[in-house]
Structures are given as structure tokens and as C-alpha cells.
Amino acid sequence: MISSNKIFLVAVLTVEPELIVAGAGAGDPELITLKAYKLLQEVPVVLYDNLVNKSLLDYTKPGCENIYVGKLPYGDYTPQEQIHELIKEKAFSKGRVLRLKGGDPFIFGRGFEEILFARQHGIKTTFIPGITSMQASGLYDIPLTFRNISESIWVVTGTKKDGSLSADLQLAIQSKATVVIYMGMKKLPEIASIYIDKGYGDMPAAIIHYASTPQHKLVRSAIKDLPQLALEQHITHPALIIIGPVTNADLLAGTE
Numbered sequence: 001m002i003s004s005n006k007i008f009l010v011a012v013l014t015v016e017p018e019l020i021v022a023g024a025g026a027g028d029p030e031l032i033t034l035k036a037y038k039l040l041q042e043v044p045v046v047l048y049d050n051l052v053n054k055s056l057l058d059y060t061k062p063g064c065e066n067i068y069v070g071k072l073p074y075g076d077y078t079p080q081e082q083i084h085e086l087i088k089e090k091a092f093s094k095g096r097v098l099r100l101k102g103g104d105p106f107i108f109g110r111g112f113e114e115i116l117f118a119r120q121h122g123i124k125t126t127f128i129p130g131i132t133s134m135q136a137s138g139l140y141d142i143p144l145t146f147r148n149i150s151e152s153i154w155v156v157t158g159t160k161k162d163g164s165l166s167a168d169l170q171l172a173i174q175s176k177a178t179v180v181i182y183m184g185m186k187k188l189p190e191i192a193s194i195y196i197d198k199g200y201g202d203m204p205a206a207i208i209h210y211a212s213t214p215q216h217k218l219v220r221s222a223i224k225d226l227p228q229l230a231l232e233q234h235i236t237h238p239a240l241i242i243i244g245p246v247t248n249a250d251l252l253a254g255t256e
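Residue numbers for the sequence shown follow UniProt numbering, so the first one is 1 and each next one is one higher.
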């Protein structure tokens with residue numbers, strides 16, 4: 001009996017599995033770092049979220065898998081566990097995976113959670129910082145610090161994992177620092193009430209919606225009036241709340 005030899009072709013991954021967590025910038029596609037821009041043109045897989053400017057995907061190479069894994073407060077939601085599994089699957093099947101996140105992945109972006117997950121599974125990791133939305137406040141004449149006016153910054157989340165407002169806001173109010181609140185639009189009435197109760201209802205404040213993009217909206221007022229103005233102008237997520245004298249352009253213009 002003559003046996004036949006069977007030949008099997010097996011694809012071998014020649015690129016080391018790697019997760020690259022990179023910031024896409026505050027919204028304007030030109031605010032992405034040069035390093036992240038170069039990687040966009042090289043990697044075989046991009047996992048991107050809802051805050052990434054979609055025009056950046058035009059720079060990926062032909063055949064690149066661009067996979068949406070966004071989270072919206074009132075819409076599409078990709079569970080973090082599903083994102084982790086995609087990272088593992090694509091890293092071991094394709095090699096390099098670019099995890100592109102809006103802003104800076106390490107500022108309320110859960111970027112380090114994904115890096116830790118990758119490391120636990122033997123995947124090489126790289127981090128590329130990004131310009132976060134609070135850094136884009138200067139586009140609207142809002143410096144986060146200003147000599148003799150505000151010499152420090154509190155950065156807090158408006159919504160913790162359990163849905164509550166960060167208790168750090170109570171401490172921030174007691175200082176003269178600029179207060180920057182991410183993910184705070186759902187809690188804006190509560191935030192304003194806290195300032196009013198502490199006697200700071202007239203504190204200057206601002207909301208920047210879709211910072212650095214053509215869709216941006218800017219509202220300035222006393223913190224006590226901000227919830228109503230946001231409602232009237234239909235300002236929702238994504239938006240940044242900034243509280244402090246630095247939001248008052250006239251005040252800053254009158255200083256020496």
C-alpha cells in the first residue's frame with residue numbers, strides 16, 4: 001500500500017506580539033503626536049474609541065483592521081473585557097496592535113489597565129502620550145495656571161466607577177487652584193450646588209464641548225448659572241468643565 005505525503009502550510013507569526021497604547025490628541029487630528037502618526041501607517045490592527053477623530057484612520061495602511069471599541073454614555077458600549085480579548089487575539093495573530101485613545105490614555109482613559117492585561121499575557125507593551133482635552137483649553141483663552149491668580153490644578157473625575165461624584169471636589173473647592181472636571185456633565189447640577197452651598201456660586205467657570213474641533217462649543221458663566229446654560233445650548237458629553245478665575249478672560253486681561 002502506497003501512502004501519500006500531505007503537505008501543510010502553516011502561517012508563522014514573525015512579529016513579536018505588541019500592544020501600543022497611544023493618545024490621539026484632544027480632537028483636532030493634527031494634535032496627534034508624530035510618533036503615533038507614524039505608527040498608524042505601519043501597524044496591521046488599530047483598536048480605536050469614540051473620542052478618536054475618525055479622519056486619522058485614513059492614514060492606516062491598506063489592509064489594516066480598524067476596529068471600533070468605543071464607549072458612549074448614552075449609546076454604543078464595548079465592555080472592557082471584550083477589548084482585552086481583542087487585544088490578546090489580535091496581538092497573537094497579527095503582531096502589533098495600536099490601541100488608539102482620545103486625549104491621553106493615562107488620564108481617565110484606562111490605558112494602563114490594558115497595558116497590565118497585555119503584560120499578564122506575555123505581550124510586549126509600549127506607551128505613547130497624547131494631548132489631553134484640558135491642554136486644549138488654551139485655544140479658548142483659558143490658561144489653566146496664571147501667575148498670582150491660579151498656581152496649581154486639581155484634575156478630578158465627575159463620575160466614578162459607582163456613578164458618584166468624586167469626593168476630591170470638596171477638597172479642591174477649599175483651594176485657590178483651577179479645578180478641571182472630566183466626565184462631569186451628568187453631575188453638573190450637583191457640582192454647581194456644591195459650589196453654591198460653599199458660598200462660591202459666583203466663581204467663574206466654563207464648559208468646552210468637543211475641544212479643538214469645528215464642532216466645539218464654549219460656555220462661560222458663574223458656576224451657579226452653568227447648568228442652565230448648558231441645557232439651553234444642548235451641551236452634553238464629551239465636555240470639559242473648568243472652574244476658577246482663569247476662565248474669566250476679562251479678569252486676566254486686567255492683570256499685570
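In this text, a Cβ means the ideal position worked out from N, Cα and C, and glycines have one as well.
Note to self: Can you confirm whether Phe106, when its beta carbon is compared against all beta carbons of chain D, has any partner nearer than 7 Å?
What the structure shows: Going by chain labels, chain D is absent from the structure shown, which holds only one protein chain.
Measuring CA to CA, which of Lys186, Ile207 and Gly244 is closest to Leu229?
-> Considering only alpha carbons, the answer is Ile207.
Quiz prompt | Contact set for Ile7: own chain, Cβ-Cβ below 7 Å, skip 5 residues either direction | solution = A caution first: Ile7 carries a pLDDT of 49, below 50, which makes its placement in the model unreliable, though a value can still be read off. Cβ within range, chain order: n/a, list empty.
Q) Exposed or buried, Thr255, counting other C-beta atoms within 10 Å across all chains shown (16 or more means buried)? A) Exposed, because fewer than 16 other Cβ atoms sit within 10 Å of the Cβ of Thr255.
Decide if the segment 192 to 201 is in contact with the segment 165 to 178; the criterion is three or more beta carbon pairs, one per stretch, under 8 Å apart.
-> Contact holds between the segment 192 to 201 and the segment 165 to 178, because three or more Cβ pairs, one in each stretch, are under 8 Å apart.
**Q.** Close Cβ partners of Ile67 (< 6 Å) along its chain, the five nearest in sequence each way excluded
**A.** Closer than 6 Å at Cβ, skipping near neighbours: Leu47.
field: Continuous alpha helix (DSSP H) stretch holding Leu98: start and end
entry: Leu98 -> not in any alpha helix (DSSP H); beta strand (DSSP E) instead, spanning Arg96 to Lys101.
| DSSP beta-bridge partners for His84? | BP columns for His84 are empty, so no partner.
*asked:* Here's the rule I'm using: 16 or more other beta-carbon atoms within 10 Å means buried, otherwise exposed. How should His209 be labelled?
replied: That one is buried.
Q.
Using only CA atoms, which one of Ala22, Ile241, Gly25 and Ile20 lies nearest to Thr178?
A. Considering only alpha carbons, the answer is Ile241.
* Roughly how many angstroms separate the alpha carbons of residue 302 and Tyr140, rounded to a whole number? -> Given a span of 1 to 256 for the chain in the structure shown, any question on residue 302 remains unanswerable.
Subject >> Neighbour-count burial assignment, Phe117, 16 or more Cβ in a 10 Å radius >> reply: With 16 or more other CB atoms across the displayed protein chains lying within 10 angstroms of its CB, Phe117 is buried.
Q. When the Cα of Leu34 is compared with those of Pro44, Val15 and Tyr59, which residue comes out closest?
A. Among Pro44, Val15 and Tyr59, the Cα nearest to that of Leu34 is on Tyr59.
Starting from Lys90, follow its DSSP beta bridges and name the residues at the other end.
-> Answer by DSSP bridge pairing: none, since Lys90 is not bridged.
Considering only residues of the same chain and omitting the five flanking positions on each side of Asp78, which have a CB-CB separation below 7 Å? The residue you asked about is not Asp; residue 78 is Thr in the sequence shown. Around Thr78, the same chain offers Val69, Gly70 and Lys71 as residues with beta carbons nearer than 7 Å, after the five sequence neighbours per side are excluded.
Exercise for the section: Out of Ala136, Val15 and Asn148, state which residue places its alpha-carbon closest to the alpha-carbon of Leu252. Expected result: Selected option, being the one with the closest Cα: Asn148.
**Report entry** Beta-carbon proximity list for residue 258, same chain, < 7 Å, skipping 5 on both sides
**Finding:** Any property of residue 258 remains undetermined from this structure, which presents the chain solely from 1 to 256.
Is the separation between the beta-carbon of Asn248 and that of Pro214 shorter than 7 Å?
Taking a C-beta distance under 7 Å as the contact criterion, Asn248 and Pro214 do not qualify as a contact pair.
| said: Whole angstroms are fine: how far does the CA of Ser212 sit from the CA of Ala136? | reply: Each residue's alpha carbon lies about 6 Å from the other.
| Apart from the five residues on each side of it in sequence, which residues of its chain come closer than 7 Å, Cβ to Cβ, to Gly109? | If you ignore the 5 residues before and after Gly109, its C-beta comes within less than 7 Å of the C-beta of Lys101 and Gly103, all in its own chain and listed in chain order.
Under 8 Å Cβ to Cβ from Ser55, same chain only, skipping five residues before and after it: list those, please. Cβ neighbours of Ser55 beyond the five flanking positions: Pro29.
**Asked** What did DSSP end up calling Tyr195 once you bin it into helix, strand or coil?
**Response** It is helical.
Measuring only the C-alpha atoms, how far is Glu42 from Ser133?
Cα-Cα distance, rounded: 26 Å.
### Message
Give me the residue from Phe112, Gly130, Pro44 and His234 with the minimum Cα distance to Ser93.
### Response
Among Phe112, Gly130, Pro44 and His234, the Cα nearest to that of Ser93 belongs to Pro44.
Q: Measure the C-alpha to C-alpha separation of Glu89 and Gly95 and round it to an integer number of angstroms.
A: Rounded to whole angstroms, Glu89 to Gly95 spans 10 Å at the Cα level.
Exercise. According to the neighbour-count rule (16 or more other Cβ atoms, all chains shown, within 10 Å of its Cβ), is Gly23 buried or exposed?
Worked result: Looking at its Cβ environment, which holds 16 or more other Cβ atoms inside 10 Å, Gly23 is buried.
*Do Ile207 and the ligand FMN come close, with the Cβ less than 6 Å from some heavy atom?*
Ligands displayed in this structure: none; no statement on the ligand FMN is therefore possible.
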